[in-house]
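Enquirer: Below: one structure in structure tokens.
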Amino acid sequence: MNFPINELPNIEFKLNEPLSKYTFTKTGGNADTLAFPKTRQELVDIVNVARDNDVKITVIGNASNLIIKDGGIRGVVIILPNFNQIKIDGQKVIAEAGATIIDTTIAAQAAGLTGMEFAAGIPGSIGGAVFMNAGAYGGEVRDVFESADVLMPNGEIKTFNHDDMEFDYRKSLIQRNGGIVVSATFALKPGNKADIQAEMDRLNALRRSKQPLEYPSCGSVFQRPVGHFTGPLIIKAGLQGKIIGGAQVSMKHAGFIVNINHATATDYMDLIHLIQKTVKEKFDVELHTEVRIIGEDKVGEVRANS
146 MNFPINELPN
156 IEFKLNEPLS
166 KYTFTKTGGN
176 ADTLAFPKTR
186 QELVDIVNVA
196 RDNDVKITVI
206 GNASNLIIKD
216 GGIRGVVIIL
226 PNFNQIKIDG
236 QKVIAEAGAT
246 IIDTTIAAQA
256 AGLTGMEFAA
266 GIPGSIGGAV
276 FMNAGAYGGE
286 VRDVFESADV
296 LMPNGEIKTF
306 NHDDMEFDYR
316 KSLIQRNGGI
326 VVSATFALKP
336 GNKADIQAEM
346 DRLNALRRSK
356 QPLEYPSCGS
366 VFQRPVGHFT
376 GPLIIKAGLQ
386 GKIIGGAQVS
396 MKHAGFIVNI
406 NHATATDYMD
416 LIHLIQKTVK
426 EKFDVELHTE
436 VRIIGEDKVG
446 EVRANS
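For what it's worth, our numbering labels the leading residue of the sequence shown as 146, then goes sequentially.
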């Protein structure tokens with residue numbers, strides 16, 4: 146059933162909203178209802194009303210490592226750009242779920258706190274980073290994570306500590322318990338501001354030189370298979386530069402798929418499946434997606450392996 150927005154008249158909602166406006170790939174179908182809560186209480190109210198009316202909830206964060214299918218998302222989709230506060234408390238950084246990882250690393254550097262440099266260029270939100278145990282250049286969220294306040298499906302906000310989170314490669318407990326990250330606390334160490342900035346600059350330069358940041362993309366598409374590197378496998382399979390619709394295997398980094406010409410999510414999905422099929426056939430290596438794929442296929446579309 147549809148989310149009864151009339152029960153929460155003070156909260157901002159958009160109906161039948163194109164999610165392509167919010168994703169880094171610039172693709173994705175419509176949300177039946179898109180909600181923009183401004184406070185914890187508003188977020189709790191949305192969860193409670195959705196639960197009481199048996200309406201599915203989806204949180205999309207900053208939508209940087211995400212593909213939303215062209216059929217869109219039923220129920221209510223929650224996005225948290227208003228949850229963007231970042232605070233420093235001694236050697237800890239406390240960031241709300243909608244704050245960007247980049248802004249959080251900038252705040253840590255300004256406070257002379259080291260440990261988050263690895264995340265300086267990750268384009269996601271704090272909530273998504275905790276959800277996915279985001280990482281880059283040898284670091285992961287779990288390396289600095291202390292705790293998170295999480296809104297549970299029953300409307301209760303619980304605090305989860307590091308050992309509660311069951312972090313693994315691009316995985317956390319939040320992916321299984323139905324919770325919504327509200328804020329997270331990271332435990333850092335004192336450092337030299339100039340040295341911290343220099344490391345952030347180095348990693349950002351490395352990212353710019355190797356990743357296709359000039360095009361819309363969903364970030365790294367595949368997990369690294371044991372004993373292999375994904376990009377070289379795709380190159381050896383003869384698929385670098387391969388185009389389906391408006392989506393292309395990046396010429397700069399074959400582990401990325403970029404939107405070069407009004408791509409659809411279906412273009413992305415078809416290219417992902419072609420890569421997986423070809424690499425399996427040629428090298429007997431299974432590529433598993435790192436990017437999160439959600440939503441429904443477009444009406445009338447028949448897909449295999451979706």
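Think of the CB as a built atom: it goes at the ideal place given N, C-alpha and C, for glycine as much as any other residue.
#1: By a C-beta neighbour count over all protein chains shown, 10 Å radius and 16 as the cutoff for buried, is N210 buried or exposed?
#2: Terminal residues of the continuous alpha helix (DSSP H) containing E426?
#3: In chain order, which continuous runs of the beta strand (DSSP E) of length 3 or greater are located wholly inside the stretch 297 to 325?
#4: Between which two residues does the beta strand (DSSP E) containing K355 stretch?
#5: Put P377 into one of helix, strand or coil per three-state DSSP.
#6: Going by C-alpha distance, which of D248, N147, F374, F148 is nearest E262?
#7: Answer yes or no: do V222 and T178 have a C-beta to C-beta separation smaller than 9 Å?
#8: I'd like the span of the alpha helix (DSSP H) that includes E162, first residue to last.
#9: Under three-state DSSP, which class holds D442?
#10: Could you say if the stretch 317 to 326 and the stretch 263 to 277 meet the contact criterion of at least three C-beta pairs nearer than 8 Å?
#11: Could you compute how far the alpha carbon of A382 sits from the alpha carbon of K427?
#12: Compare the beta carbon distance of N404 and T170 with 9 Å and say whether it is the shorter of the two.
#13: What residue range does the alpha helix (DSSP H) around A264 cover?
#14: So does D412 have its beta carbon nearer than 8 Å to some heavy atom of the ligand SAH?
#15: Rounding to the nearest angstrom, what Cα-Cα distance links L416 and N161 in this structure?
#16: Using a 10 Å radius around the Cβ and a threshold of 16 neighbouring Cβ atoms, would you call E157 buried or exposed?
#17: I'd like to check one pair, K159 with A176: are the Cβ atoms closer than 9 Å?
#18: Just reading off the alpha helix (DSSP H) that L188 is part of, what are its end residues?
#19: In the DSSP assignment, the beta strand (DSSP E) including A180 goes from what residue to what residue?
#20: Do you know how far the Cα of L358 is from the Cα of Q385?
#21: Would you call the stretch 278 to 289 and the stretch 308 to 315 touching, i.e. three or more CB-CB distances under 8 Å?
#22: CA-CA distance, G266 and F331?
#23: Do G400 and G376 have their CB atoms nearer than 9 Å?
#24: Assuming A208 and F228 make a contact with CB atoms under 8 Å, what is their CB distance in whole Å?
#25: Whether or not the stretch 178 to 191 and the stretch 338 to 347 are in contact is what I'm after, with contact meaning three or more pairs of Cβ atoms, one per stretch, closer than 8 Å; do they touch?
#26: In angstroms, rounded to a whole number, what distance separates the CA positions of H398 and A253?
#27: Mind checking whether D442 and D215 have CB atoms under 9 Å apart?
#28: Of the choices S395, L333, P154, whose alpha-carbon is the least far from that of S365?
Expert: In short, the structure shows the following:
#1: buried
#2: 410 to 428
#3: Taking only runs of at least 3 residues, the beta strand (DSSP E) segments lying wholly in the stretch 297 to 325 are 302 to 306.
#4: Where K355 is concerned, there is no enclosing beta strand (DSSP E), although the alpha helix (DSSP H) it sits in stretches over 338 to 355.
#5: helix
#6: D248
#7: yes
#8: It is not in any alpha helix (DSSP H) - E162 instead sits in the beta strand (DSSP E) that spans 157 to 163.
#9: coil
#10: yes
#11: 7 Å
#12: Cβ distance < 9 Å, so N404 and T170 count as in contact.
#13: From DSSP, A264 is part of no alpha helix (DSSP H); its letter is neither H nor E.
#14: Ligands are entirely absent from the displayed structure, and the ligand SAH is therefore not among its contents.
#15: 27 Å
#16: exposed
#17: Remark: C-beta atoms of A176 and K159 approach each other more closely than 9 Å.
#18: Start and end: 185 to 197.
#19: 175 to 181
#20: Answer to the nearest angstrom: the Cα atoms are 17 Å apart.
#21: yes
#22: 17 Å
#23: yes
#24: No, A208 and F228 are not in contact; Cβ-Cβ is about 15 Å, not under 8 Å.
#25: no
#26: Within the model, the alpha-carbon separation for H398 versus A253 is close to 30 Å.
#27: Closer than 9 Å, so yes.
#28: S395
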